[in-house]
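**Q** The listed protein sequences derive, respectively, from chains A and B.
Just so you know, our numbering puts the end of the first sequence at 1234, numbered straight through with nothing missing.
Just so you know, our numbering puts the end of the second sequence at 391, numbered straight through with nothing missing.
Glycine included, every Cβ here is placed at the ideal spot set by N, Cα and C.
One structure is given below, represented as structure tokens, and several questions about it will come after.
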Amino acid sequence: MDINFSAEDLAFRDEVREFFDQEYDSAIKTKLSSKVGEEYKQGMVDWQKKLYAKGWVAPGWPAEYGGTEWTSTQKFIYETERGLAGIPDVVPFGLKMVAPVIYTFGNEEQKARFLPRILESKDWWCQGYSEPGAGSDLAALNTTADYAGDNYIVNGRKIWTTFAQYADWIFCLVRTSKGMRKQQGISFLLIDMNTPGIEVKPIVTIDGKHSLNEVLFENVKVPAENLIGEQDKGWTYAKALLAHERTGMAEVADSTRMLEALKQRARVEVNGGNAMIDDPIFQMRLSNIEMELMALEYTELRVFASMAAGGMPGPESSLLKIKGTEISQAIHELQLQLASFYGGALPEDLNADELKHDFAFEARGKYMYGRAATIYGGSNEVQRNVIAKAVLGL
Amino acid sequence: MNFDFSEEQTMIKDSVSRFVRDEYDFDTRRAIIDSEEGISREFWSMFAELGWLSVPFAEEYGGFGGSVEDIAAVMEELGKGIVVEPYASTVVVFGGLLSASDNSDLKAQVIPSIIDGSCMGSLAYTEAQSRYEMTDVATSARVCDGGYKINGEKTVVANGGTANKFIVTARHSGEQFDRDGISLFMVDASAPGVEVKSYKMMDGQSAATVTFKDVMVSETQLLNTAGEGMDLIDQVMPQILMGLSAEALGIMSTLNTTTVEYSKVRQQFDTPISSFQVLQHRMVDTFMACEQTKSMLFRGLCQAGEDDSAALLKTVHALKATVARYGKLVGEEAIQIHGGIGMTDELNIGHYVKRLMMINVSFGDGDYHQKKFNQLSYSA
């Protein structure tokens, strides 16, 4: 057993590190460190354009559409380095979610029309899946699309739509007919956000921020050419997309970096004159997380190694999302514990000098928004259902 | 990058696995435990013939020249059968220390007898006051004419009743808790002044209180330089901890598989209990516990092949702590999900759990290792 990379792979790692070091510059960092807003959006677009210029914006895509032709090892190295460097992933809705559906199930016109604009970050996409009555039970959705001439007339509500306020396009699951099973009669539709009848309503989350929205559709006329694949077959396409969403959710590199930062902060934060990192109970909490992460790192490597060998990921892959999100939440929790009562201060325009504390807002924000990690992408309870059925045969 | 056992390792793993499946069923094991010696000499000879007893030893002594990976491969399979023959204490611990010794005469004399099955051995290190702290040694080795005289008492010496030889930790100089000044001696169980009182343990294995009264040993019985015994122990400890953890992993995976299968056939409220979501999720948690334990073991095995002993040490402490935490979870859930039948001595479940419990307290429990981990990781 070994975890050694080849010389070529190590050279690739150096290239990635150098690129991140040079291109992820302070201008972008400043924009991305701002509160969610136009500046943040611009920061993401700037960064994705740099990745595009380098040819690295869509490693997962087939080469003919603009992918990198990286080996699975290179993809793994890239993701690890990105996480360790603290660089956010690309906004997934276009590049990682709708694009694979378009190049897999879309027609030639759709590919030519949408894929280049996604690569170049010209269009901002959002995801219209969840509805007030369809969360983890996604197939229970009720938004309707009635075929009329060359158009679909869409009516209904989508919810939890991340970054809909910036989006040019939304990909939606809509109900085109009532089938025997609720998974039948669903279609996959691409909708221009500028179409009359669409209303975006902000949802402020418990971290006090606005990244989520409700999207309302009232008699929205969508050209039939925006239908992906066949009518009523959308659930098949959506399931393929969900498989994409589930890979790489352990976020080991990100958690490793956050844990190191947490340890640094625990050396500075004191109680009764002693650094928190010397407190035996705090040490236990830290090592409970750190040990779990050390194991998860190798679980991820095991999954990756079996995929690199051309196999399918084994049963160990299914626990990546559950353990990965539990660990990141545990780190957020300890960070907020370190911030103590400073974490409660509300006005975020208070600077560190005024508050006498320098990471309290970040700690609270991460903790609060971080609660979503075990809910989205298939809640952890749904993930457990999946393992129970698919792995344990229960 | 590679996480597969080699062809050679797979062969030996399969060979142990076949033995457990075909020869070592639960009734056979029970009969062995109830026998006078509590182990099967017949099976031990078979282990020798199959080459299992030679795994970690160098080829110059007739060994297989295996690594800790090979040991882990064997131990995991032995765990699946909760085999009571003293493989861990003889081959992994006693044999591991001897392998690492620089006393080549002693090695040439003893290793072949381990390999051919004629010598069982054990490390005698625990004392009444020491709990898990290996440096807490009150047993003395006083210099005298022709060597040393050992006096003291060792407690819960694993398989002390069947061991022909002991490696004994004895203080040669320094104070009770000093790391320096501890020596390792090879002592015959039959040497004058050695007294062994053996008793059964709950996991089917045995242990003994071993007293040493003016036991004469010579320089030639030292495993390494007098007073530097802890160096040797520290060097071998990762291998010991990984071996025991591999055994625990075998036990945990067996408990999980058995529990899942039972839940599918056990009917309550006119339906298999496997259909209840609350039980499904608990079995998913024990499945994840097992996978994470395996990953931590693999982390140790990979690092053992590298040259970073600090990283390896951190990992093996984490590994033993993980085995403790997740072993307990897996064991308790197995009993709970089996229900009343899980409480019976007749069913194998409780016996797997008891071996896990004993692995937990061998060479430091979970809290002990987590504390060591914390010291290495967080103390500046």
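1) With DSSP as the reference, label PRO940/A as helix, strand or coil.
2) If we require 4 or more residues per run, which alpha helix (DSSP H) segments fall completely within the stretch 899-968 of chain A?
3) Have a look at ILE1026/A and VAL1040/A and give me their C-alpha separation to the nearest angstrom.
4) What do you reckon, are the CB atoms on LYS211/B and GLY92/B nearer than 8 Å?
5) So what does DSSP say about PRO1042/A, is it helix, strand or coil?
6) Which two residues bound the contiguous beta strand (DSSP E) that contains PRO249/B?
7) Verify the CB distance criterion: does MET841/A have a CB-CB separation below 8 Å to chain B?
8) Who does GLN279/B pair with in a DSSP beta bridge?
9) What are the partner residues of GLN1063/A, as DSSP defines its beta bridges?
10) Starting from CYS155/B, follow its DSSP beta bridges and name the residues at the other end.
11) Can you name the residues of chain A whose CB is closer than 8 Å to the CB of MET12/B?
12) Quick check for students: name the residue ranges of the alpha helix (DSSP H) that lie wholly in the stretch 1124-1186 of chain A, counting only runs of 4 or more.
13) Residue range of the beta strand (DSSP E) that VAL1014/A falls in?
14) Mark PRO902/A as exposed unless 16 or more other C-beta atoms lie within 10 angstroms of its C-beta, in which case mark it buried.
15) Is it true that the stretch 51-62 of chain B meets the stretch 107-116 of chain B, where meeting means three or more beta-carbon pairs spaced less than 8 Å apart?
16) According to DSSP, simplified to helix, strand and coil, what is LEU367/B?
17) Decide if THR231/B is buried, meaning its Cβ has at least 16 other Cβ atoms within 10 Å, or exposed.
18) Over what stretch of residues does the alpha helix (DSSP H) that includes MET1098/A continue unbroken?
19) Let me confirm a value: ALA169/B is counted as buried when at least 16 other C-beta atoms fall within 10 Å, else exposed. Which label applies?
20) Please name the residue or residues paired with HIS362/B in a DSSP beta bridge.
21) Might you give, ordered along the chain, the residues of its own chain that have their beta carbon closer than 8 Å to the beta carbon of VAL1108/A, omitting 5 neighbours on each side?
22) Please confirm if ARG310/B has its CB atom under 8 Å from at least one CB of chain A.
23) Determine the closest residue to GLY392/B out of PHE16/B, ILE178/B, GLN140/B and ASP33/B, with distance taken between C-alpha atoms.
24) Have a look at GLN1123/A and ALA329/B and give me their C-alpha separation to the nearest angstrom.
25) Would LEU1176/A pass as a contact of ALA1203/A if the rule is Cβ separation under 8 Å?
26) So the candidates are TYR159/B, ARG366/B, TYR143/B and VAL198/B; which of them puts its Cα closest to the Cα of LYS383/B?
27) Hey, out of ILE360/B, THR326/B, TYR389/B and LEU367/B, whose CA is closest to LEU255/B's CA?
28) Would a check of beta-carbon distances place HIS349/B closer than 8 Å to chain A?
29) Taking a cut of 8 Å between CB atoms, which residues from the stretch 1159-1180 of chain A lie near chain B?
30) For the putative contact between SER388/B and LYS325/B, defined by C-beta atoms under 8 Å, what is the C-beta separation to the nearest angstrom?
31) Using 10 angstroms around the beta-carbon of THR870/A, count the other beta-carbons present and answer buried if the total reaches 16, otherwise exposed.
32) Kindly indicate if chain B contains any beta-carbon less than 8 Å away from that of TYR1138/A.
33) I need the DSSP call for ASN811/A, collapsed to helix, strand or coil.
34) Please compile the residues from chain B whose C-beta is within a distance smaller than 9 Å of the C-beta of LEU1099/A.
35) Could you spell out the range, first to last residue, of the alpha helix (DSSP H) harbouring ALA867/A?
36) Suppose the cutoff is 6 Å on Cβ atoms and the five residues either side in sequence are ignored; what does the same chain contact list for PHE933/A look like?
**A** Quick answer:
1) Locating residue 940/A in the first sequence gives position 100, where the first residue counts as 1. Helix at PRO940/A.
2) The stretch 899-968 of chain A contains these whole alpha helix (DSSP H) runs: 912-925, 939-945 and 948-959.
3) For the purposes of this step, residue 1026/A is taken as residue 186 along the first sequence, with counting starting at 1. For the purposes of this step, residue 1040/A is taken as residue 200 along the first sequence, with counting starting at 1. When rounded, the distance between both Cα atoms is 23 Å.
4) One-based indexing of the second sequence puts residue 211/B at position 200. One-based indexing of the second sequence puts residue 92/B at position 81. Result no, Cβ atoms of LYS211/B and GLY92/B do not sit closer than 8 Å.
5) As a first step, residue 1042/A is located in the first sequence; it is residue number 202 there, counting from the start. If DSSP states are grouped into helix, strand and coil, PRO1042/A belongs with the strands.
6) By 1-based counting over the second sequence, the position of residue 249/B is 238. No beta strand (DSSP E) holds PRO249/B; the alpha helix (DSSP H) holding it covers 240-276.
7) Start at 1 with the first residue of the first sequence, and residue 841/A comes out as number 1. By this cut-off, MET841/A is an interface position.
8) As a working mapping, residue 279/B is identified with position 268 in the second sequence. Beta-bridge partners assigned by DSSP to GLN279/B: THR282/B.
9) Here residue 1063/A corresponds to residue number 223 of the first sequence, with the count starting at 1. First, the residue type needs correcting, since residue 1063/A is Pro and not Gln in the sequence shown. According to DSSP, PRO1063/A shares a beta bridge with ASN991/A.
10) For the purposes of this step, residue 155/B is identified with residue 144 of the second sequence, where counting begins at 1. In the DSSP output, where bridge partners are listed per residue, CYS155/B has GLY158/B.
11) Here residue 12/B refers to the residue found at position 1 of the second sequence. Ordered by position in chain A, the residues that pass the 8 Å Cβ test against MET12/B are ASP842, ILE843, ASN844, PHE845, THR913, LEU1141, PHE1144, ALA1145 and ALA1148.
12) Counting only runs that start and end inside the stretch 1124-1186 of chain A, the alpha helix (DSSP H) elements of at least 4 residues fall at 1159-1179.
13) Start at 1 with the first residue of the first sequence, and residue 1014/A comes out as number 174. Unbroken beta strand (DSSP E) run through VAL1014/A: 1009-1015.
14) Within the first sequence, numbered from 1, the residue matching residue 902/A stands at position 62. That one is exposed.
15) no
16) Position 356 of the second sequence holds residue 367/B. Three-state result, LEU367/B: helix.
17) Taking the first residue of the second sequence as 1, we reach residue 231/B at position 220. Classification of THR231/B: exposed, given that the 10 Å Cβ count is below 16.
18) Start at 1 with the first residue of the first sequence, and residue 1098/A comes out as number 258. Here the alpha helix (DSSP H) through MET1098/A covers 1092-1108.
19) Residue numbering aside, residue 169/B sits at position 158 when the second sequence is read from its first letter. Classification for ALA169/B: buried.
20) To locate residue 362/B, count along the second sequence from 1; it is residue 351. Bridge partners of HIS362/B: none, in fact.
21) Here residue 1108/A refers to the residue found at position 268 when the first sequence is read from its first residue. Here the set comprises ALA1115.
22) Position 299 of the second sequence, counting from 1, holds the residue named residue 310/B. Answer yes: the Cβ-Cβ gap between ARG310/B and chain A drops below 8 Å somewhere.
23) Absent from the structure is residue 392/B, since the part of chain B shown begins at 12 and ends at 391.
24) Numbered from 1 along the first sequence, position 283 holds the residue referred to as residue 1123/A. Numbered from 1 along the second sequence, position 318 holds the residue referred to as residue 329/B. Cα-Cα distance, rounded: 13 Å.
25) Counted from its first residue, the first sequence places residue 1176/A at position 336. Counted from its first residue, the first sequence places residue 1203/A at position 363. Yes, Cβ-Cβ distance for LEU1176/A and ALA1203/A is below 8 Å.
26) Here residue 383/B corresponds to residue number 372 of the second sequence, with the count starting at 1. The shortest Cα separation from LYS383/B among TYR159/B, ARG366/B, TYR143/B and VAL198/B belongs to TYR143/B.
27) Working through the second sequence from its first residue, we reach residue 255/B at position 244. It is LEU367/B.
28) In the second sequence, the residue the question calls residue 349/B occupies position 338. Not closer than 8 Å to any Cβ of chain A, the Cβ of HIS349/B fails to qualify, so no.
29) LEU1159, ILE1162 and LYS1163
30) Position 377 of the second sequence holds residue 388/B. Position 314 of the second sequence holds residue 325/B. Right, the Cβ-Cβ distance comes to about 6 Å (below 8 Å), so this counts as a contact.
31) Position 30 of the first sequence, counting from 1, holds the residue named residue 870/A. Exposed is the call here.
32) Here residue 1138/A refers to the residue found at position 298 when the first sequence is read from its first residue. Closer than 8 Å: yes.
33) This structure gives no information on residue 811/A, because the portion of chain A shown stretches from 841 to 1234.
34) Start at 1 with the first residue of the first sequence, and residue 1099/A comes out as number 259. Those do not exist, as LEU1099/A stays about 10 Å from chain B at its closest Cβ, beyond 9 Å.
35) On the first sequence, position 27 is the one that residue 867/A refers to. Start and end: 866-873.
36) Start at 1 with the first residue of the first sequence, and residue 933/A comes out as number 93. So the qualifying residues of the chain are TRP965, CYS966 and GLN967.
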